[in-house]
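S.K.: One structure coming up, written as structure tokens, with questions to follow.
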Amino acid sequence: MPVDDDRFRDLCIGYLSDELSADERRAFLEELDRRGAEGREELRSLREAYGAVSLDAPAAEPPDGLKESVMEAVDADAGDSGGGTPGRATPSAEDGGGGRWVRWGLAAAAVLLLGLLGLNNLRLRGSLERTRAALDSAERRLARADSLQRRLAALEQDFTTVAAPSTESRLLSATRDTFPGRARVFVDPETGRALLYARDLPILPPDSVYQLWTIRDGEPESAGTFQPGADRQAQLEIPTAEQVLGADAVAVTVEPAPGSRQPSTQPILVASSS
Amino acid sequence: MLAYLAAALIDPVARTHSLNRRGTGQIELDALLQEVAAGDRDAFERLYDRTSRYVFGVLFRILDDRQRAAEAAQEVYTQVWETAGDFDPDRGSALTWLATIARSRALDRSRSSQSYERALEGMQSEPEAHPTGSRPENPEEAAALRRRREAVREAMTGLPDEQRAVLRLSYFGGLSQREIAEETDIPLGTVKSRMRSAMGKLENRLRPTLGGRG
Numbered sequence: 022m023p024v025d026d027d028r029f030r031d032l033c034i035g036y037l038s039d040e041l042s043a044d045e046r047r048a049f050l051e052e053l054d055r056r057g058a059e060g061r062e063e064l065r066s067l068r069e070a071y072g073a074v075s076l077d078a079p080a081a082e083p084p085d086g087l088k089e090s091v092m093e094a095v096d097a098d099a100g101d102s103g104g105g106t107p108g109r110a111t112p113s114a115e116d117g118g119g120g121r122w123v124r125w126g127l128a129a130a131a132v133l134l135l136g137l138l139g140l141n142n143l144r145l146r147g148s149l150e151r152t153r154a155a156l157d158s159a160e161r162r163l164a165r166a167d168s169l170q171r172r173l174a175a176l177e178q179d180f181t182t183v184a185a186p187s188t189e190s191r192l193l194s195a196t197r198d199t200f201p202g203r204a205r206v207f208v209d210p211e212t213g214r215a216l217l218y219a220r221d222l223p224i225l226p227p228d229s230v231y232q233l234w235t236i237r238d239g240e241p242e243s244a245g246t247f248q249p250g251a252d253r254q255a256q257l258e259i260p261t262a263e264q265v266l267g268a269d270a271v272a273v274t275v276e277p278a279p280g281s282r283q284p285s286t287q288p289i290l291v292a293s294s295s
Numbered sequence: 003m004l005a006y007l008a009a010a011l012i013d014p015v016a017r018t019h020s021l022n023r024r025g026t027g028q029i030e031l032d033a034l035l036q037e038v039a040a041g042d043r044d045a046f047e048r049l050y051d052r053t054s055r056y057v058f059g060v061l062f063r064i065l066d067d068r069q070r071a072a073e074a075a076q077e078v079y080t081q082v083w084e085t086a087g088d089f090d091p092d093r094g095s096a097l098t099w100l101a102t103i104a105r106s107r108a109l110d111r112s113r114s115s116q117s118y119e120r121a122l123e124g125m126q127s128e129p130e131a132h133p134t135g136s137r138p139e140n141p142e143e144a145a146a147l148r149r150r151r152e153a154v155r156e157a158m159t160g161l162p163d164e165q166r167a168v169l170r171l172s173y174f175g176g177l178s179q180r181e182i183a184e185e186t187d188i189p190l191g192t193v194k195s196r197m198r199s200a201m202g203k204l205e206n207r208l209r210p211t212l213g214g215r216g
């Protein structure tokens, strides 16, 4: 079931702070998939805002020796992977066996061992994170299957509306010769359903949406926003049939995401009342 | 007909502008991480030099212990070396990616020993500034990070106390919203709405500084 904007933001925040239950996580991934580019952009924006809280912590100087220790671990990893280990002394019997060299050798070995243990720990953690990513992927596929099933049911319902004998339709024509898109609004007064079908729409940048307006007595009212799919087609369910039946005109504009309260650009598709 | 529609439809006041841009320092960090992913040790060293004060600051804020923060920093940078290839600039900035790793490693350590009471005490207070030493750093980049930090501090200060407290308990204390509700005796719905509102304000106030896609 689609969730409202506040709930989606709650789920995004829960996802970023890693506190969603398995069911919530599945609902979130499903909704993220349903919202497409718009949802991903919202998540990205929230991720940046949440991450920015880290800058509320004052900068602090790391202790002396931390950098050397970190670089030692990296060099050990490079050596472990078959690369060179520049600057690393390798104690051997030829070192003479003096106490000082033994201590240096033991210290170097301890640093190396700690580094390798740390890396092993990280590899295990990496494996855990990869397993979790695989689980996420499986959950996304499952959510996608659910979503497709619901989409099929919705399409069957749309077909019933479009094909009903009582259904009226209005063609929206392009206001410019260069605009390739076309759209048609279907209204079934008997069931109260109204749908917009559009095709050949140019794909918009992620920060823009198409928005449908009905105009009555010179006052525009939003009937929803939409984005074409990869096939450049789009569908939109209009809140009520009355909104279209009582309108003097219907028009489509391009607006900044997630939509505008009032149209802010010239219409690209229009249909006046017949 | 079109003139009528244009008059009815266009309201220039309603037009909004979205300025999505990324700072130079942010792009440089993205590029450095990509070099690290390719196994470039020198790039990793530069990344450490440019971010260690920031990362250590986050770790120290969460753990409140220099020794444990140093241990966590070792883990953070080793993980960065190992997993830099996982960084995806389309999902967020390099700084946010680093912060996520640092927060996660610090909270792993914190949860094993810190009580909620201590978290509550520590996270609701204003953070103290720490000396940042005199090591040389790229002045342009340091200035960019300083500007970001100032913008965040200003945005945080501008939040109502109760929203700021909830955000800090979540980010630095690692408490879930349900835990925050239990510990502070506030209804969960109120905690969620405070968190949502705080995040919305931060998004709006920081958008020009932190930028977005682009």
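Heads up: the protein sequence lines correspond to chains A and B, in order. Counting in the working numbering, the first sequence runs from 22 upward without gaps. Counting in the working numbering, the second sequence runs from 3 upward without gaps. Just so it is clear, CB atoms sit at the ideal spot from N, CA and C, and this is done for glycine as well.
#1: On the criterion of 16 or more Cβ atoms from any shown chain inside 10 Å, does V275(A) qualify as buried, or is it exposed?
#2: Please list, in chain order, all residues of the same chain as A114(A) whose beta carbon is under 8 Å from its beta carbon, the five residues on each side excluded.
#3: From the DSSP secondary-structure annotation, give me the bridge partner or partners of G60(A).
#4: Is it the case that the Cβ atoms of T196(A) and I259(A) are separated by a distance below 7 Å?
#5: In terms of residue numbering, what span does the alpha helix (DSSP H) encompassing T186(B) cover?
#6: Determine the extent of the alpha helix (DSSP H) in which T80(B) is found, giving its start and end residues.
#7: Using a Cβ-Cβ distance under 7 Å, would D31(A) count as near chain D?
#8: By the 10 Å Cβ neighbour count, where 16 or more other Cβ atoms means buried, how is P279(A) classified, buried or exposed?
#9: Between P201(A) and D221(A), how many whole angstroms is the CB-CB distance? I'm expecting something under 8 Å.
#10: Distance, Cα to Cα, P83(A) vs V74(A)?
#11: Which residue comes first and which comes last in the beta strand (DSSP E) that contains T261(A)?
#12: For a test of the three-state rule: what should DSSP assign to P241(A), helix, strand or coil?
#13: Identify every run of the alpha helix (DSSP H) within the segment 200-249 of chain A, keeping only runs that are complete inside it and at least 4 residues long; order them along the chain.
#14: Considering only heavy atoms of the ligand FAD, does any lie closer than 6 Å to the CB of Q232(A)?
#15: With distances taken from CA atoms, which of D42(B), A157(B), R209(B), L171(B) is nearest I64(B)?
#16: Use the C-beta contact count for F174(B): other C-beta atoms within 10 angstroms, 16 or more gives buried, fewer gives exposed.
#17: Using a 10 Å radius around the Cβ and a threshold of 16 neighbouring Cβ atoms, would you call A5(B) buried or exposed?
#18: On the CB-based measure, 16 or more other CB atoms within 10 Å of its CB, does T246(A) come out buried or exposed?
#19: Roughly how many angstroms lie between the CA atoms of D92(B) and R28(A), to the nearest whole one?
#20: Please classify I182(B) as buried or exposed, where buried requires at least 16 other C-beta atoms within 10 Å of its C-beta.
#21: Does E93(A) come out as helix, strand or coil in the three-state DSSP assignment?
#22: Can you give me, in chain order, the residues of the segment 74-88 of chain A that have a beta carbon less than 7 Å from any beta carbon in chain B?
#23: Any idea what DSSP makes of P277(A), helix, strand or coil?
#24: Below 7 Å CB to CB, which residues in the same chain sit around R111(B) once its five sequence neighbours on both sides are set aside?
#25: Do the CB positions of F49(A) and L67(A) come within less than 7 Å of each other?
#26: T159(B) CB to nearest chain A CB: under 7 Å?
#27: Quick check: the Cα distance between V265(A) and L156(A), rounded to an integer number of angstroms?
#28: With a cut-off of 7 Å, does the C-beta of V24(A) fall near any C-beta of chain B?
#29: Using the C-alpha atoms, what's the distance from A58(A) back to E240(A)?
#30: Would Q76(B) pass as a contact of S42(A) if the rule is Cβ separation under 7 Å?
#31: In terms of alpha-carbon separation, which member of G41(B), E205(B), A39(B), V82(B) lies closest to V57(B)?
#32: Against A94(A), what residues of chain B qualify as contacts under a CB-to-CB distance less than 9 Å, listed in chain order?
#33: Look at the alpha carbon of E242(A) and the alpha carbon of L208(B), and state the distance between them as a whole number of angstroms.
#34: By the three-class DSSP mapping on this structure, what secondary structure does R191(A) have?
#35: Using 7 Å as the threshold, is the C-beta distance between Y231(A) and Q256(A) below it?
#36: Using a Cβ-Cβ cut-off of 7 Å, state whether E156(B) counts as contacting chain A.
M.R.: From the atom records:
#1: Mapped onto the first sequence, residue 275(A) falls at position 254. Buried: at least 16 other Cβ atoms inside 10 Å.
#2: By one-based count along the first sequence, residue 114(A) stands at place 93. Here the model assigns A114(A) a pLDDT of 34, short of 50, so the residue's position is not dependable, and the following value carries that caveat. Cβ within range, chain order: n/a, list empty.
#3: Within the first sequence, residue 60(A) is the residue found at index 39, counting from 1. For G60(A), which the question treats as bridged, DSSP gives no partner whatsoever.
#4: Indexing the first sequence from 1 puts residue 196(A) at position 175. Indexing the first sequence from 1 puts residue 259(A) at position 238. Contact: no.
#5: Taking the first residue of the second sequence as 1, we reach residue 186(B) at position 184. Segment 179-186, the alpha helix (DSSP H) holding T186(B).
#6: On the second sequence, residue 80(B) is found 78 positions in, with the first residue counted as 1. Unbroken alpha helix (DSSP H) run through T80(B): 68-85.
#7: The chain labelled as chain D is not found among the protein chains of the depicted structure, namely A and B.
#8: The residue labelled residue 279(A) in the question sits at position 258 within the first sequence. Per the 10 Å Cβ criterion, exposed.
#9: Residue 201(A) sits at position 180 when you count from the first residue of the first sequence. Residue 221(A) sits at position 200 when you count from the first residue of the first sequence. Their Cβ separation, rounded to whole angstroms, is 5 Å, which keeps P201(A) and D221(A) in contact under 8 Å.
#10: Within the first sequence, residue 83(A) is the residue found at index 62, counting from 1. Within the first sequence, residue 74(A) is the residue found at index 53, counting from 1. Taken atom to atom, the span from the alpha-carbon of P83(A) to that of V74(A) is near 20 Å.
#11: Counting from 1 along the first sequence, the entry for residue 261(A) is found at position 240. Boundaries cannot be given for T261(A), as no beta strand (DSSP E) includes it and DSSP labels it neither H nor E.
#12: Working through the first sequence from its first residue, we reach residue 241(A) at position 220. In the structure shown, P241(A) sits in a strand (DSSP, three-state: E or B).
#13: none
#14: This structure simply doesn't include the ligand FAD, nor any ligand for that matter.
#15: Numbered from its first residue, the second sequence carries residue 64(B) at position 62. Ranking D42(B), A157(B), R209(B), L171(B) by Cα distance to I64(B) puts L171(B) first.
#16: Indexing the second sequence from 1 puts residue 174(B) at position 172. Classification for F174(B): buried.
#17: Numbered from 1 along the second sequence, position 3 holds the residue referred to as residue 5(B). Low confidence applies here, because A5(B) scores a pLDDT of 41, under 50, leaving its location unreliable and the question unanswered by this model.
#18: Your numbering for residue 246(A) matches position 225 in the first sequence. So T246(A) ends up on the buried side.
#19: By 1-based counting over the second sequence, the position of residue 92(B) is 90. By 1-based counting over the first sequence, the position of residue 28(A) is 7. If I take the Cα positions, the gap works out to 24 Å.
#20: Working through the second sequence from its first residue, we reach residue 182(B) at position 180. When all chains shown are included, I182(B) counts as buried.
#21: Within the first sequence, numbered from 1, the residue matching residue 93(A) stands at position 72. Three-state result, E93(A): helix.
#22: V74, S75, L76, D77, A78, P79, A80, A81, E82, P83, P84, L87, K88
#23: For the purposes of this step, residue 277(A) is taken as residue 256 along the first sequence, with counting starting at 1. Looking at P277(A) - three-state DSSP - the assignment turns out to be strand.
#24: Translated into positions along the second sequence, residue 111(B) becomes position 109. Hits under 7 Å: L65, R70, A74.
#25: The count along the first sequence starts at 1 and reaches residue 49(A) at position 28. The count along the first sequence starts at 1 and reaches residue 67(A) at position 46. No. Outside cutoff.
#26: Locating residue 159(B) in the second sequence gives position 157, where the first residue counts as 1. No, no contact with chain A.
#27: Against the first sequence, residue 265(A) aligns to sequence position 244. Against the first sequence, residue 156(A) aligns to sequence position 135. Distance between the alpha carbons of V265(A) and L156(A): 45 Å.
#28: Taking the first residue of the first sequence as 1, we reach residue 24(A) at position 3. No, because no Cβ of chain B sits closer than 7 Å to the Cβ of V24(A).
#29: For the purposes of this step, residue 240(A) is identified with residue 219 of the first sequence, where counting begins at 1. For the purposes of this step, residue 58(A) is identified with residue 37 of the first sequence, where counting begins at 1. The alpha-carbon atoms of E240(A) and A58(A) are separated by roughly 31 Å.
#30: The residue you call residue 76(B) lines up with position 74 of the second sequence. The residue you call residue 42(A) lines up with position 21 of the first sequence. Cβ atoms of Q76(B) and S42(A): not closer than 7 Å.
#31: Stepping through the second sequence from its first residue, residue 57(B) is reached at position 55. Closest by alpha carbon: V82(B).
#32: In the first sequence, counting from the first residue as 1, residue 94(A) sits at position 73. Contacts between A94(A) and chain B, judged by CB atoms closer than 9 Å, involve Q76, Y79, T80, W83 in chain order.
#33: Within the first sequence, numbered from 1, the residue matching residue 242(A) stands at position 221. Within the second sequence, numbered from 1, the residue matching residue 208(B) stands at position 206. Rounded to the nearest angstrom, the two C-alpha atoms are 32 Å apart.
#34: Along the first sequence, one-based indexing puts residue 191(A) at 170. Reduced to three states, the DSSP call for R191(A) is strand.
#35: Working through the first sequence from its first residue, we reach residue 231(A) at position 210. Working through the first sequence from its first residue, we reach residue 256(A) at position 235. No. Outside cutoff.
#36: Walking along the second sequence from the start, residue 156(B) turns up at place 154. No, because no Cβ of chain A sits closer than 7 Å to the Cβ of E156(B).
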